[in-house]
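*Asks:* Below you will find the structure I want to go over with you.
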Amino acid sequence: MELQETRVQTDRVLTIPNVLSMARLLGVPLFLWLILLPEFGGPKSDGWALLVLALSGVSDYLDGKLARRWNQISSLGRILDPAADRLYILTTIVGLTWREIIPLWLTAALLARDLILLVMVGILRRHGYPPPQVNFLGKAATFNLMYAFPLLLLSDGSGWLPQLAAIFGWAFAGWGTTLYWWAGTLYVVQVRRLVKADTSTG
Numbered sequence: 024m025e026l027q028e029t030r031v032q033t034d035r036v037l038t039i040p041n042v043l044s045m046a047r048l049l050g051v052p053l054f055l056w057l058i059l060l061p062e063f064g065g066p067k068s069d070g071w072a073l074l075v076l077a078l079s080g081v082s083d084y085l086d087g088k089l090a091r092r093w094n095q096i097s098s099l100g101r102i103l104d105p106a107a108d109r110l111y112i113l114t115t116i117v118g119l120t121w122r123e124i125i126p127l128w129l130t131a132a133l134l135a136r137d138l139i140l141l142v143m144v145g146i147l148r149r150h151g152y153p154p155p156q157v158n159f160l161g162k163a164a165t166f167n168l169m170y171a172f173p174l175l176l177l178s179d180g181s182g183w184l185p186q187l188a189a190i191f192g193w194a195f196a197g198w199g200t201t202l203y204w205w206a207g208t209l210y211v212v213q214v215r216r217l218v219k220a221d222t223s224t225g
């Protein structure tokens, strides 16, 4: 677990990467509303929902790239970026489960992993450690899930395109869920080692 940022970190709030992350967060309720609109008698707006998700993906790429290039890595950014990822995943899970596009067991598996990580963050804070940095597996898991969910949303229809979207969507969902739990297990092991070392030195 990489608890130290090797680059210079700033406490500035109004940086371009942070503004992009905040914009992503503002898109979360809009995205959920667009997904659930048909459930409340409104028109099907999956195309607009996919556009919001695509713009979120572009801003996710840009905020990280710009933060590193312009040396604007910040304490707030380290919180906003993964928070936006988690909220998009959570809202997509809620929307797709509500519309019965994904089964409850998949929803439970993804939410249980996030709950375990929340407990781990609490344990780290009690021992004076910051939240864990997102590792490669965690990023890979998020990448797969962020591809899976739009494809599964696109699969809610008839014809060859929804059928093709379902095949690729479930492939990405399988890989993403597996990597999601793999990364979570590594976090638990690393937190356990840190706490054990902290206890033995204390």
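So the sequence shown is numbered by the working numbering: it starts at 24 and just counts up by one. All residues carry an ideal CB built from backbone N, CA and C; glycine is no exception.
What is the DSSP secondary structure of R122, counted as helix, strand or coil?
*Replies:* On the sequence shown, position 99 is the one that residue 122 refers to. In the structure shown, R122 sits in coil (DSSP, three-state: anything other than H, G, I, E or B).
*Asks:* Could you check which residue in R216, A206, A196 has the C-alpha nearest to that of L119?
*Replies:* Your numbering for residue 119 matches position 96 in the sequence shown. Comparing Cα positions, the closest option is A196.
*Asks:* Taking only the alpha-carbon atoms, compute the straight-line gap between H150 and S178 and give it to the nearest angstrom.
*Replies:* Here residue 150 corresponds to residue number 127 of the sequence shown, with the count starting at 1. Here residue 178 corresponds to residue number 155 of the sequence shown, with the count starting at 1. Going from the Cα of H150 to the Cα of S178 covers about 45 Å.
*Asks:* Buried or exposed: V142, going by 16 or more other Cβ atoms within 10 Å of its Cβ?
*Replies:* Position 119 of the sequence shown, counted from the first residue, corresponds to residue 142. That one is exposed.
*Asks:* Look at the alpha carbon of V214 and the alpha carbon of L147, and state the distance between them as a whole number of angstroms.
*Replies:* Here residue 214 is taken as the residue at index 191 of the sequence shown, counted from 1. Here residue 147 is taken as the residue at index 124 of the sequence shown, counted from 1. If I take the Cα positions, the gap works out to 7 Å.
*Asks:* Run the CB neighbour count on A188, radius 10 Å, all protein chains shown included, and call it buried at 16 or more, exposed below.
*Replies:* Here residue 188 is taken as the residue at index 165 of the sequence shown, counted from 1. So A188 ends up on the buried side.
*Asks:* Taking only runs that begin and end inside the region 146–185, name each unbroken alpha helix (DSSP H) of 4 or more residues, in chain order.
*Replies:* Listed in chain order, they are 159–177.
*Asks:* Could you spell out the range, first to last residue, of the alpha helix (DSSP H) harbouring L59?
*Replies:* Translated into positions along the sequence shown, residue 59 becomes position 36. Run containing L59: 39–59, per the alpha helix (DSSP H) assignment.
*Asks:* May I ask you to verify whether the region 62–71 touches the region 36–46, counting CB pairs closer than 8 Å and requiring at least 3?
*Replies:* Segments in contact, no.
*Asks:* Please report the straight-line C-alpha distance between V212 and G65, rounded to a whole angstrom.
*Replies:* Taking the first residue of the sequence shown as 1, we reach residue 212 at position 189. Taking the first residue of the sequence shown as 1, we reach residue 65 at position 42. Those two C-alpha atoms are separated by around 46 Å.
*Asks:* Beta-carbon within less than 7 Å of V218's beta-carbon, same chain only, minus the 5 sequence neighbours each way: which residues are those?
*Replies:* Locating residue 218 in the sequence shown gives position 195, counting from the first residue. Within the same chain, V218 has close Cβ partners I146, H150.
*Asks:* Can you tell me whether DSSP reads S285 as helix, strand or coil?
*Replies:* A query on residue 285 cannot be resolved here, the shown segment of the chain reaching from 24 to 225 and no further.
*Asks:* Which of helix, strand or coil does DSSP assign to P66?
*Replies:* Here residue 66 refers to the residue found at position 43 when the sequence shown is read from its first residue. Correct three-state label for P66: coil.
*Asks:* Looking only at C-alpha atoms, which of P185, N167, P153, L175 sits nearest to T9?
*Replies:* Residue 9 lies beyond the stretch modelled for the chain, which goes from 24 to 225, so this question has no answer here.
*Asks:* Give me the residue from W204, L110, L184, D104 with the minimum Cα distance to L160.
*Replies:* In the sequence shown, the residue the question calls residue 160 occupies position 137. Of the candidates W204, L110, L184, D104, the one whose C-alpha sits nearest the C-alpha of L160 is W204.
*Asks:* Return the CA-CA distance between T38 and G50, expressed in angstroms with no decimal places.
*Replies:* Within the sequence shown, numbered from 1, the residue matching residue 38 stands at position 15. Within the sequence shown, numbered from 1, the residue matching residue 50 stands at position 27. Taking the straight line joining both Cα atoms gives about 19 Å.
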